[in-house]
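Protein chains in written order, with the numbering used here: chain A, 847 to 987; chain B, 847 to 987.
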DNA sequence: TCTATTTTGGTACTAAAGTATGAATGCTAA
DNA sequence: TTAGCATTCATACTTTAGTACCAAAATAGA
């Protein structure tokens with residue numbers, strides 16, 4: 847929690863330094879232009895890295911991935927329908943076919959049909975594999 | 847899978863551009879030095895942002911948590927044995943009991959015994975739930 | 001050494017999961 | 001409107017999964 851402050855301090859110091867540098871630019875013409883450019887480049891590269899890290903300020907929170915974005919392109923590519931995806935999601939929560947059926951207000955037969963088609967499309971033979979693969983393909987969180 | 851290539855291409859183009867810029871630096875002295883510096887700064891800021899994004903985008907591919915640390919405390923707390931943990935791991939890869947048995951050089955009976963005990967200790971009734979819970983408890987990657 | 005746990009395996013069932021096939025309905029885009 | 005999916009459901013069957021109970025080894029600990 848002290849890091850941000852430290853970095854802000856560094857940034858401010860860097861900016862001030864850069865400004866002063868510009869200020870005194872005309873008095874240090876003895877420095878070769880290449881070195882000057884190198885320093886500018888280095889500074890702004892570091893600055894850019896810092897900004898980049900700030901922009902995506904997400905830490906590897908290990909298990910909980912709340913930054914999940916469904917890959918709809920992949921869904922279409924595999925031809926997975928809305929309902930099949932529903933089944934897939936509930937499946938991943940550890941529900942049985944009967945429980946899934948109850949949640950979706952359909953019969954177990956329907957769930958079985960969906961899951962069977964799902965396994966074909968995902969090219970797997972078990973629900974555990976389906977869940978694993980679906981996660982890898984960003985089809986479920 | 848095409849993104850990285852695209853980005854690499856962009857980077858290369860940018861570098862080449864920068865080099866050419868340096869090359870022709872002496873022929874465009876009519877540009878004010880401030881503008882010149884601004885361009886350099888902008889380029890390297892973008893470059894830095896890109897590098898920064900690359901640095902952290904290595905990991906958060908959501909599913910692949912290589913920063914996995916087994917919670918052995920939890921294992922002991924739940925009384926999960928070595929062999930049960932083995933079964934759990936293979937289970938999470940989507941293998942059937944028979945396949946797990948083959949990998950561990952034991953019979954399906956043994957795997958069933960292990961998995962049954964596992965479900966009791968994890969307080970679940972299905973392998974899909976076991977996998978989910980085990981991940982939450984940091985027992986498997 | 002002796003006990004407690006682990007690991008292994010078996011039998012016998014029950015319950016789910018998964019496959020195959022067929023069929024009716026509903027929605028949608030040519 | 002018609003062909004084509006998507007969705008729904010059913011029957012029948014095969015295969016896994018999971019439970020219950022028991023029991024013999026192997027192993028680790030006191």
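Think of the CB as a built atom: it goes at the ideal place given N, C-alpha and C, for glycine as much as any other residue.
What's the C-alpha gap between residue 893(B) and residue 896(A)? 11 angstroms
I'd like to know whether the C-beta of residue 940(A) is nearer than 8 angstroms to at least one C-beta of chain B. yes
Compare the C-beta of residue 937(A) against all C-beta atoms of chain B and say whether one is closer than 8 angstroms. yes
So, helix, strand or coil for residue 972(A), using DSSP? coil
Distance check for residue 955(A) and residue 938(B), CA to CA, integer angstroms please. Rounded to the nearest whole angstrom, the C-alpha separation of residue 938(B) and residue 955(A) is 26 angstroms.
Limits of the alpha helix (DSSP H) - the one that residue 946(B) falls within: 943–950
Mind pulling the chain A residues with CB within less than 7 angstroms of residue 892(B)? 894
Unbroken alpha helix (DSSP H) run spanning residue 919(B), endpoints: Secondary structure note for residue 919(B): its alpha helix (DSSP H) is the uninterrupted segment 918–924.
For residue 932(A), which of 925(A), 924(A) and 950(A) has the nearest alpha-carbon? 950(A)
So with CB distances below 7 angstroms, who are the chain A contacts of residue 977(B)? 974
Mind checking if residue 855(B) is an interface residue toward chain A, Cβ cutoff 8 angstroms exclusive? Its pLDDT being 45, under 50, residue 855(B) is placed unreliably by the model, and the measurement read from it follows with that caveat. So no, residue 855(B) is outside the interface.
Per-residue DSSP class, three states only, for residue 956(B): Reduced to three states, the DSSP call for residue 956(B) is helix.
Compute the distance between the beta-carbons of residue 920(B) and residue 985(B), then report whether it is under 8 angstroms. yes
With a threshold of 7 angstroms on Cβ separation, who are the neighbours of residue 967(A) within its own chain once the five nearest residues in sequence on each side are excluded? 924, 925 and 926
For residue 953(A), does the count of other Cβ atoms within 10 angstroms reach 16, so buried, or fall short, so exposed? exposed
Between the Cα of residue 961(A) and the Cα atoms of 888(A), 929(A), 890(A) and 922(A), which residue gives the shortest distance? 929(A)
Would you kindly check if the distance between the Cβ of residue 934(B) and the Cβ of residue 980(B) is under 8 angstroms? Taking 8 angstroms as the cut-off, the beta carbon of residue 980(B) is found closer than this to the beta carbon of residue 934(B).
Nearest-angstrom Cα separation, counted from residue 890(B) out to residue 965(A): 48 angstroms
Can you tell me whether residue 913(B) is helix, strand or coil according to DSSP? coil
Cβ-Cβ distance between residue 974(B) and residue 974(A) below 8 angstroms: yes
Would you give the residue range spanned by the alpha helix (DSSP H) that residue 934(B) belongs to? 928–938
Determine the burial state of residue 888(B): buried for a count of at least 16 other Cβ atoms within 10 Å of its Cβ, exposed for fewer. exposed
When 942(A), 969(A) and 922(A) are compared against residue 971(B), the one with the closest alpha-carbon: Residue nearest to residue 971(B) within the set 942(A), 969(A) and 922(A) is 942(A) (criterion: CA-CA distance).
Taking just the CA atoms, how far does residue 957(B) sit from residue 946(B)? The alpha-carbon separation between residue 946(B) and residue 957(B) amounts to approximately 7 angstroms.
So what does DSSP say about residue 964(B), is it helix, strand or coil? Annotated three-state conformation of residue 964(B) is helix, per DSSP.
With a threshold of 7 angstroms on Cβ separation, who are the neighbours of residue 977(A) within its own chain once the five nearest residues in sequence on each side are excluded? 937 and 938
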